Structures are given as structure tokens and as C-alpha cells.
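Only one structure is covered here, and it is reproduced in the block below.
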Amino acid sequence: MYTYRRELVLFWIIFTITMGFFALKMPGILQGSGFEMKDSSYDQANQLLEDHFGQSSSPYIVLFENSEKLSEEEFETHIQDTLKKLESIDGITSVSSPLENPSQIKEDVAYASISFEEEREPADNIDALNAKLKNDAISLSLTGGDVIEEEMNKASQKDLKNAELIGVPVAMIVLLLAFGGLIAAFIPLLTGAVAVVTAMGIIYFLGQIINLSVFVLNVAPMIGLAVSIDFALLYINRFREELKHHSVKEAVSITTKTAGRAIGFSGICVILGLTGMLFIQIDIFRSVAVGGIVVVLVSVISALTFLPGLLSILGENINKAMILKNRDEDASTWRKFAGYVMKKPILTALAALAILLLIATPIRHIELEIPDAESLPADSETRIAYETFEENFQPEDHTNMPIVLQADDSILSTSSLKQVEGFIKELKENPLVTNIDSIFSITDTGSANRLNQALQAEQMRTQLEPALETMVNEDTTYIMLELDAPYDSTEAKEYVRDLEEDSIDTELTYTAGGRAKFNQEIYDEIGSQTPKGLILIVCATFLILMVAFRSILIPLKAILMNILSLGAAFGLIVWIFQEGHLGVDPNPIALMIPIFIFAIVFGLSMDYEVFLISRIREIYLETGDNDKATLEGLTTTSRIITSAAAIMIAVTGAFAFTDIVPVKQVGVGVALAIFIDATLIRMVLVPALMRLLGKWNWWFPGKVTKEQEKQ
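Following the numbering used here, the numbering of the sequence shown begins with 880 at its first residue and continues without gaps.
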């Protein structure tokens, strides 16, 4: 690193500038909330409905509100005038008007459903619609899935800028307090910028291959800034220590062997935590995992190449531009506190454990929901319009579920009609099904025989043609079930799950869709795959730490304490967001939040464990005294690890001031978990348990003597 220092720094400058060009383009390739699953029944049903019946899976909703209390005739006239303007827009494939569908109008509120050609960009559709939505007599609003996702994308970009405006200055202040000098404090920020910009450029290219959620725009920089600044902070601190006794070349070499080794193991732990999400085949988990892995990997590589090269060039200049004096009283305070904890290890450990368990209690009542319009700010026009639409046209206690039926020949053949009728009869046997719309109800025939007879008469067939065209396309038709349960209820999920698992005796091929099916597939995928990810994270982390420290109990202890701090953090998230404390409006916890926080924090909090235990182990190898090694390790790393935790809290906690609720929940959750880890865990439980376990901390099968361990 020292020999090729200039080449390394030059390479990173050129590479970062190049990737920066593509990083600016990254927001343009992000696609929606990310709650999509490849080859899911929900997506297959949507595709069939769109291909055969022109029904878009995510239509644009134009909401009409009679705010001026016009007469019914005047209100309908204004709706008709508006729809005429909209129909002139290029690319529209269908318009479902409330004037033709009575179910789409209710007193002073109505809506039109509009579909566009699939290849058109949502942003272009939204701009085209908004340009036509002008009417002074009635209130017009645009909402729908694509509109919500587009607003979330824009809000995410704004949130990222706002979080950086808060987090980066706070991080700079913490770095100044930690190092006392402007140059030393600035370098971690520079390293963080290099890592994040480079990673975002790489993510742009990955986005050409896989679908990436808008949440990547917030989560990846959040992780990247926090990790890369922390890595640089710990590396620079060790470099400055070694520089007091060695040449620049030797200081770089020793720092890379010690702090660099710890950074490598820490990076592996963070990447393993994120890798666990790859088991879940839902776009949002895969995209956040991929984005996080890339940014952490780049952070590790830059910390072990760019940073040593830069420090090799700076050398003694790292200590110039000092504006604050080093304070030795911090180490003294930590020594006294750690000494007190180690004198009364049982009492302090039990007290910390009791506090953690108490904080974790609200997690028993956690409510998880798939985020939708509620993710937007309460004053968002798109959210308000969607909530008005749902309140008036989407009953809370019922849900509609389409099922697409396909036959081997024409769906209107005698045998196929009998199969459809038999299928419907079997569905009606379930008390949860309150109504079924089908080709029999839309033609007022009621049965296969009567519809078949009607189709034999030419005049009757001609009369039925318009109705049949809406629900029949060659070998395909669909039925619409009404379930007596909300789409997100346990009853609805169980019904659609049983419908798939307990095949109905029919020759027809059937595919279920709708929000109930969407929820069931999402929840089932998470429920079945999450345990696999957790097992991978825990087992792999144990093995990595076991290899790093040649100990059995230290990895076990680290994992258990991580779980304790995460449980306490989850409890606080429920208390703040779900129960609505500290001035926060009550909101369910977004479904992905616990998994995100576990995957992110499990690795991040291991950083401090690795850095702390690495220093304790160094001293233990020199002295063979566990208590002295623990006390000295805590004392020597106290200021720098506290600073690292403060930076992590500042960078992630800054997202508490964002507008997107799930992003706010992730930021606050990660910040709380790190805070708990840096206080109750590291300040109390670590020294207490290290004292109680004594030499058993370092027990490892086959390890006989301290001298052998040195070898």
C-alpha cells in the first residue's frame, strides 16, 4: 500500500468520478415499492387479466369530488368534460367511466380508472394526466399504485438530501471531537463519499439486470456512509497511535495488520447479515440486500486500499490543523466505570438485562403491514386521494378476488360452461364467499344450460355479445369473488392459501389474483424463508468470530447480546411508531422493517464487538490476564468506539426526519439499536460477562497455551 500509494489514490479518484456519473442516473432505474415476486400467482393473474381483458393491474385513478355541491346533472357534466380531455392523451388503452359504471360513483364522489400502454413510463403518464386535470367547478385528484410509487421515488431523493444535510455535519462534529484536527476529521467523510458514490454507480449497472426498489436510494447510502466513516475512523485512530512510535511506512503496515484485519472481519459480518435477505424472493428484500452488500464491500475495499494510500501520502500531516486538545480524562472515566462494573459483575449484568427485557416488552403487540399510500406524508395529495377512494369504494370488511379460468377449448363450449358452473358451485360452499360475479350473472342466465341455450339462438347471442366481451376471450374467462373479510385479514389469507393447496376438482386451469392473494403470497414467502436467512446469519457470524478470536464463548456471547439489543430496539419502535409516542402519528410497522433492521444491525453492531474484542485479545495475548486485558481494552477503545457509534447514530438517525414512513422506521430503528449496543451492551454487559467468564472467554478446543495462540 505504501509503495503504490499515489497510484492507489489516483485510481480511486478516477474510478469515483466515473462511477459518480452513473450514480446520478441511479434514481431513474428504481422501480416502485419492491413488493413483487417473480412467477407469483398474483402477477400471473394480473398478466392474464391485462392480456385477455385489458384490465391493468395498476390503473391510474382520477378522483372526482363535488366540493362545490353542484347538482347531480352538473357534477356528471363536469366528469364527462374531464374524461373527454383525458381520452385525447396518446397511449391510453382504456377508460372506465363512472358514468357507465354506477359502482364508480357515490353521491359527491366518483372515480375513473385509466390504463396506458404497458411500455410507457409512469412519469410520462402522470405528467400527461396532470396537464389535463383542470376544472374549477369540481375537485380533481390523481392517485393509484404508479402515482404513489412515483411520489415515493421523488420523496426518497428529497429525503436522502435532507438526511445528508443533518447526518454529515453531525458526523463532522463527532470526528472533530474524536481527533481534534480538521484533516483527520475530514478524511473519514472523504472516504465515505468515495465509497457511497462508487457503490451507487455500481448499483446503477446492477439495476439493468435486476429490479431495484426505491428503498435502495435511502438504505444503501445510509449503510454506506455509516460503515465507511466508521471504518475510516477506527483505521485513522490506530494509524495515529502507531505513528507516535514508528515511521509512516511501518505505521501503515501495523495498522493494516490490526485495524485492517478487524475491518475485514467486520465487513464480512455486515455482508453476512445482509446476505440473509437474499433467501426471500421478493424484490424489496433482494434489492436492499444487493445494494447493501455492494456498498459495504466497496467500503471495506476503499478502507483497505484508498485510505492506506492517502494516509501514506499525508504521513505526519494527518496531525496538522489541530483545533482541539486530546482529553485524557475520557479514558480515565471509562476506566473507572469499567472497573466498577467488573467489581460487581452479577449485579450490573442483571440490572442491564432487566432494562433490556423491559424495553423489549411492546414487541409482543407488534402489527405488521405491507406499506402503501400510508408510507407517504399525511398531507400528501396522492395519499389523501387514495384514502378517499378506499373509504368510498373499497369496503374495509370485504375484499374482491379475481380468478382467471382457462379451458382446453372455447370457454363458451358446452363442456367448458359446465366446468365453470361446477367450479363456482364449489366456491360458494365456503361461507366466506358472499357473492360471485361471472359470465352467468353478467348475462342474467344463472346457469350453464340456460347460457348455452341462449347462445344457440342467434338473436339472443347478439344481445349477449357486449356483456360477454367483457368477461370472455376465446378459451379464457374470469370470475370475481367477494369475500366476507378484509384483504389483509388472517381469514382472507387462509382462504386463498387453501384455494391453491386444496385443488378444486376441475379440468379448468385457474389462477387467483387480487390483494388478498398478494398479501398471502408475500407473508408466506417471508414466513418460510426468513428462518433460513436467520440461521445463515447466526451460524456464519459465529464461525467468522470463532476464527477471528479462536474462542467459542465470545462468538456466542456476541450473538446473544446482539439479539438482546435488537429485541429492545424493536420494542422501542413499536412504542414510538405503532403506539404513537414522542409526537409520532400511530402507524403499523412496515412488514419489512424487522427484517431490514435485523439484517443491517446484526452486522453493524458486530463492528464494535470486533474492534473491542480485537484490542482486548491483543492485550490478553501479551499479558495472559483476562481482567487486565478487558479493562485496558475498554479504556483504550472507549473514545473511538463511542465516536464511531455516535456517527452511526447521527447518519442513520437523520432519516428520522424524512417523509417516507418505512424509511423513517428503518433509520430510527437502526439508530436505537446502535445506541443500546453502545451503552447497555458495551458499557455494562461486555465487561461484566468478560469478568464472570474469566479465562473461559478464550477457551478453544485444542488450544493449550498462550504461546501456541501467538503462533
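Note that beta-carbon positions come from the ideal geometry of N, C-alpha and C, so glycine has one too. Fair warning: this is a prediction, and the values are worked out from it, not measured in the lab.
- Beyond the five residues adjoining it in sequence on each side, L1151 comes within less than 8 Å, by CB distance, of L1415, I1416, A1419, T1420, I1423, G1482 in the same chain, given in chain order.
- Proximity to D1504 across P1473, K1574, D1464, T1531 peaks at K1574, based on C-alpha coordinates.
- In the structure shown, G1392 adopts coil according to DSSP, grouped into three states.
- If you compare the alpha carbons of T1135, L1330, A1427 with that of I1147, the shortest gap goes to A1427.
- Rounded to whole angstroms, the separation of the alpha carbons of R1119 and N1196 is 11 Å.
- The beta carbon of L1203 sits closer than 6 Å to the beta carbons of G1059 from its chain, once the five residues preceding and following it are set aside; these are given in chain order.
- Listed in chain order, the non-local C-beta contacts of G1046 below 6 Å within the same chain comprise A1529, V1530, A1533, local neighbours out to five positions each way being set aside.
- The alpha-carbon separation between Q1338 and N980 amounts to approximately 25 Å.
- Of N1279, Y881, I1455, the smallest CA-CA separation from L1189 is found for Y881.
- Around the beta-carbon of Q1408, 16 or more other beta-carbon atoms lie within 10 Å, marking it buried.
- A distance below 7 Å separates the beta carbons of A1523 and L1112.
- The three-state secondary structure of N1328, taken from DSSP, is helix.
- Pairing T1388 with Q1285 gives a Cβ-Cβ distance under 7 Å.
- Secondary structure of T1022 (DSSP, three-state): strand.
- Relative to the Cα of S1126, the nearest Cα in the group T1515, I1089, I1192 belongs to I1192.
- Taken atom to atom, the span from the alpha-carbon of P1256 to that of K1199 is near 46 Å.
- Restricting attention to G933, K963, S1484, the CA atom closest to the CA of L1439 is found in S1484.
- Contact check for D1354 and R1376: beta-carbon distance about 27 Å, past the 8 Å limit, so the pair fails to qualify.
- In this structure P1473 is buried. Its beta-carbon is surrounded by 16 or more other beta-carbon atoms within 10 angstroms.
- Ranked by Cα distance from F1164, the options F914, T1184, S1294, I968 are led by F914.
- Within the segment 1131-1189, the runs of alpha helix (DSSP H) at least 4 residues long that lie entirely inside it are, in chain order, 1140-1154, 1162-1183.
- Beta-bridge pairing by DSSP links T1278 to L1362.
- Close CB contacts of D1316 within its chain, under the 7 Å cut and outside five residues either way in sequence, are with I1358, M1359 (chain order).
- In this structure, I1321 lies near M1350, with their beta-carbon atoms less than 7 Å apart.
- Bounds of the beta strand (DSSP E) holding E944 are 939-944.
- When DSSP states are grouped into helix, strand and coil, K1123 belongs to the coil group.
- Looking only at A1074, L1236, V1283, D969, the smallest Cα-Cα distance to F1302 is reached by V1283.
- DSSP places A1072 in no beta strand (DSSP E) but in the uninterrupted alpha helix (DSSP H) bounded by 1061-1085.
- Taking the Cα positions, L1039 is about 13 Å away from A902.
- In this structure the segment 1438-1453 lies against the segment 1543-1558, because at least three pairs of beta carbons, one per stretch, are closer than 8 Å.
- Within the segment 900-963, complete beta strand (DSSP E) segments of at least 3 residues are found at 939-944, given in chain order.
- If you compare the alpha carbons of M1471, V1453, L1470 with that of D1464, the shortest gap goes to V1453.
- Separation of the CB atoms of G907 and V1076 is rounded to 16 Å, and the pair is thereby denied contact status at 8 Å.
- Counting along the chain, the unbroken beta strand (DSSP E) around T972 starts and ends at 971-975.
- In this structure, G1139 sits away from L1176, with a CB-CB distance that is not shorter than 7 Å.
- When only Cα atoms are considered, V941 and S992 end up about 7 Å apart.
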